[in-house]
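Heads up, the sequence shown stops at 116 in numbering that gives the first Met the number 0, and the numbers go up one at a time, no gaps.
In this text, a Cβ means the ideal position worked out from N, Cα and C, and glycines have one as well.
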Amino acid sequence: MNPTIVKLLLTYGANPRIGGEYGETPLAQAVSGGALSDIDRPLLGGRRLATVRALLERDPGLSIPDTYAGRSAIWWARFHGCAEVLAMVGARAEQRAVGAHTGQRTRGWERTDPGKT
Numbered sequence: 000m001n002p003t004i005v006k007l008l009l010t011y012g013a014n015p016r017i018g019g020e021y022g023e024t025p026l027a028q029a030v031s032g033g034a035l036s037d038i039d040r041p042l043l044g045g046r047r048l049a050t051v052r053a054l055l056e057r058d059p060g061l062s063i064p065d066t067y068a069g070r071s072a073i074w075w076a077r078f079h080g081c082a083e084v085l086a087m088v089g090a091r092a093e094q095r096a097v098g099a100h101t102g103q104r105t106r107g108w109e110r111t112d113p114g115k116t
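As structure tokens, this is what we get:
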């Protein structure tokens, strides 16, 4: 996601909160470095700091959804050591990512057992 294009789209009314079929949002895509939509992107170590910044400047209330896609986005950002991106989206989203690839669900700040609700 080119940050200039993102800013242009937002200026003309694009919805930064729109979600895809699997819960991926523009913010989740940017945080993941594109790993949610491009199988080869993780190998390239893409970072989308400027895009994350543009989305959050337009709508400071944006957050990473607590979906598999959202947790995966945070996981990829952690994998690539994107501390600035993680700081921008907040520690709570990062905490939810703990169980993203282990199948464990999280509730807020605490980790829950997979069999418990």
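DSSP-derived helix/strand/coil call for residue i
i	result
residue 87	helix
residue 2	helix
residue 67	helix
residue 20	coil
residue 47	coil
residue 61	coil
residue 9	helix
Extent of the continuous alpha helix (DSSP H) to which residue i belongs
i	result
residue 26	25-31
residue 13	Unbroken run through residue 13: none, as it is neither H nor E.
Cut-off 8 Å between Cβ atoms - residues of its own chain near residue i, not counting five sequence neighbours on either side
i	result
residue 54	5, 9, 15, 25, 26, 29, 61
residue 0	25, 28, 29, 33, 47, 50
residue 19	68
Proximal residues to residue i (C-beta, below 6 Å), its chain only, five neighbours per side dropped
i	result
residue 17	none
residue 2	49, 50, 53
residue 76	30, 84, 85
residue 21	68
Environment of residue i [buried if 16+ CB atoms lie within 10 Å]
i	result
residue 32	buried
residue 23	buried
residue 80	exposed
residue 12	exposed
residue 86	exposed
Contacting residues, own chain, Cβ-Cβ under 7 Å from residue i (five flanking each side not counted)
i	result
residue 57	9, 15
Contact check, residue i vs residue j, beta carbons under 9 Å
i	j	result
residue 63	residue 72	yes
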